[in-house]
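Chemist: In our numbering, the protein residues as written are 560 to 1235.
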């Protein structure tokens, strides 16, 4: 299948990830790049609002639900904004003076759907999108291929579960893997959106999933990143032009999360984090240019935060720890400003109190969101602290080969901060340092030194933290190019030409963009990662989750198993994907699940069905007449055969009759319980 054939799923995905959010942004009186930059997060918020509320109202999940919830949300936000402006809360008085210790003007730049200053930002986004489109499609291989990883059976089956049950609520999605479908919370924004793509386009679930991965990685991530940089800094044209190219140059994100896990919810959450950071920076006025008012930041920020949280709870916690330097900087700046102006003491105190409350809430959430230690005990320290610290500086997270070009530009960016940064932008460097701290802890901190307390929120897993490193690296890299370009444009050689300053800057920007694309995209580390991910997805006779024979079996399974019949499976072999791919219920939908008594009995005694009538009663209760045998090879090389004693020697037990075979993958009918 060609990537050109995903035009319809792609269109549906873009509609759902932009139209609801644009409606909400417009209601808040945002226009242009700001409206588009926040649209994906606001769309996720609208989608999940509808997903959560509709089951409570007895309404099935449907294609119209996100638009209905977006209209309701937009109406509420419009009302709040109108009332706020009537009450005089829409903008702040302008300040004419500023300096190293004083923030920029407090007046908000007028918002427009199109303006000349947006051209460079849109161009930067387009470059990043094209580069990431190329990298991600090459990394996935074919639209119908799947990630051959541990968690993918859950993610694909969860989409089918939503379509079958008519509920995309995160409050009930976990019921797929619980005893008798007991409702359990799971952050299901990813799965809800994939279900919309599948239902709206008719695409198979693997194709819809890869389409979503492409939209998140190649559209939302670069857009969100360019949006963040636009909110934080006022860069020259050269600095703006390279932002998207930098976003596409990392090994740590997004492809790392398509390879490991597979961590689709984290992939979505991290793509939204830059938009959230940009909005927080505008709210606390830690920016070079005010583009979003306080009122707009508050009314939209609530929903952006909820969207990031419902994508994955540790994504919102990651955002919170990254803005700690921003919040502290805002408090310091307020008190310094009050001291210099001998005014605004009440505002400074109120800000300090508000920040203190945020820290209290953050501390409470740290304990609530953090999973039990056992959930991530497999991830222990693997490096010394010094080794771990070197990886972020060399752009060699998780042991990838260093990306020296990025490292050199980053050093220039660090130098630029020492020469040019005002206090209101130093928090960017602090935010990067916070992520580095947690990453180093995940790579090196011992259990007895508080590993669970520090990085338990991320399952002690350095992959999840490595994926956060690019978020705050991009603005530092862009600032480096800004500074170098500024120096080059005023060079004496340039001054001997007749070119005006803007023209010189455009030429320097083009050269910088060529360098970033050239060195960034040809790095050995990135090329190796794309290639490794390709082979992670490509099906072959020895694939980790589904071999070529097993894929072929699932493609025709519905021709042999009647609709509604449950298939007995050993989920670690990939057979659980009969649910997602063949649309047939199975006895286990993921490797980690709670089995009811009937399922347990079948798993323990199926090979004794000729002698044990209780096996037949259990099969009857499950409406299970078929067994799908994908052999003994398990995902990630594990061996859980002892958990499934009833499946041992089944082919020779006389319990089964072969129905269909695709190489080593065999479908059997359980005939031991058939009436004579």
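Glycine included, every Cβ here is placed at the ideal spot set by N, Cα and C.
(1) Run through DSSP, which three-state label would residue 823 get?
(2) Residue 1197 by DSSP, collapsed to three states: which one?
(3) Spatial neighbours of residue 592 within its chain, please: C-beta separation below 6 Å, excluding the five flanking residues on both sides.
(4) Thinking C-beta only, is residue 1106 closer than 8 Å to residue 1099?
(5) Determine which residues share a DSSP beta bridge with residue 1216 and list them.
(6) Whose CA, out of 987, 950, 1038 and 989, lies closest to the CA of residue 1003?
(7) Quick one: using the 10 Å Cβ neighbour count with 16 as the cut-off for buried, is residue 568 buried or exposed?
(8) Please say whether residue 746 and residue 606 have beta carbons closer to each other than 8 Å?
(9) Can you give me the Cβ contacts of residue 692 inside the same chain, cut-off strictly under 8 Å, excluding the 5 residues immediately before and after it?
(10) DSSP puts residue 868 in a beta bridge; with which residues?
(11) With DSSP collapsed to three states, give me the class of residue 770.
(12) In chain order, which continuous runs of the alpha helix (DSSP H) of length 4 or greater are located wholly inside the segment 783-849?
(13) So, with DSSP's three-state summary, where would you put residue 1027?
(14) Below 8 Å CB to CB, which residues in the same chain sit around residue 863 once its five sequence neighbours on both sides are set aside?
(15) How big is the Cα-Cα spacing for residue 1135 and residue 1129?
(16) Using the Cα positions of residue 1027 and residue 812, report the straight-line distance between them to the nearest angstrom.
(17) Hey, would you say residue 587 sits closer than 8 Å to residue 636, going by beta carbons?
(18) Comparing C-alpha positions only, which one of 1190, 672 and 755 sits nearest to residue 1210?
(19) Quick one: is residue 1227 buried, meaning 16 or more other Cβ sit within 10 Å of its Cβ, or exposed?
(20) Could you check the C-alpha separation between residue 1177 and residue 999 for me, to the nearest Å?
(21) Would you list the residues sitting across from residue 1187 in a DSSP beta bridge?
(22) Closer than 7 Å by C-beta to residue 1033: which residues in its own chain qualify, once you throw out the five before and the five after it? Chain order, please.
(23) Can you have a look at residue 1020 and say buried or exposed, based on whether 16 or more other CB atoms are within 10 angstroms of its CB?
(24) Excluding the five sequence neighbours on either side, which residues of its own chain have a C-beta within less than 7 Å of the C-beta of residue 622, listed in chain order?
(25) Under 8 Å between the Cβ atoms of residue 1025 and residue 956?
(26) Which stretch, first to last residue, makes up the beta strand (DSSP E) that contains residue 1126?
(27) Going by the DSSP bridge assignment, what does residue 1145 pair with across the sheet?
(28) Ignoring anything shorter than 4 residues, give me the alpha helix (DSSP H) runs that lie fully in the segment 606-656, in order along the chain.
(29) By DSSP, does residue 1221 sit in helix, in strand, or in coil?
(30) Taking only the alpha-carbon atoms, compute the straight-line gap between residue 1149 and residue 897 and give it to the nearest angstrom.
(31) Using three-state DSSP, classify residue 1173 as helix, strand or coil.
(32) Could you spell out the range, first to last residue, of the alpha helix (DSSP H) harbouring residue 963?
(33) Expressed to the nearest angstrom, what Euclidean distance is found between the alpha-carbon atoms of residue 595 and residue 583?
(34) Under a Cβ-count criterion, where at least 16 other Cβ atoms within 10 Å of its own Cβ denotes burial, should residue 1158 be classed as buried or exposed?
(35) Does DSSP put residue 760 in a helix, in a strand, or in coil?
Modeler: Taking the geometry as given:
(1) helix
(2) coil
(3) 677 and 680
(4) yes
(5) 1228
(6) 950
(7) buried
(8) no
(9) 773 and 777
(10) According to DSSP, residue 868 bridges with nothing at all.
(11) helix
(12) 796-800, 802-806, 814-818 and 823-842
(13) coil
(14) 597, 600, 601, 604, 831, 834, 835 and 838
(15) 7 Å
(16) 8 Å
(17) yes
(18) 1190
(19) buried
(20) 50 Å
(21) 1226
(22) 784, 788, 802, 805 and 806
(23) buried
(24) 755, 758 and 759
(25) yes
(26) 1125-1127
(27) 1126
(28) 624-645
(29) strand
(30) 58 Å
(31) helix
(32) 963-979
(33) 11 Å
(34) buried
(35) helix
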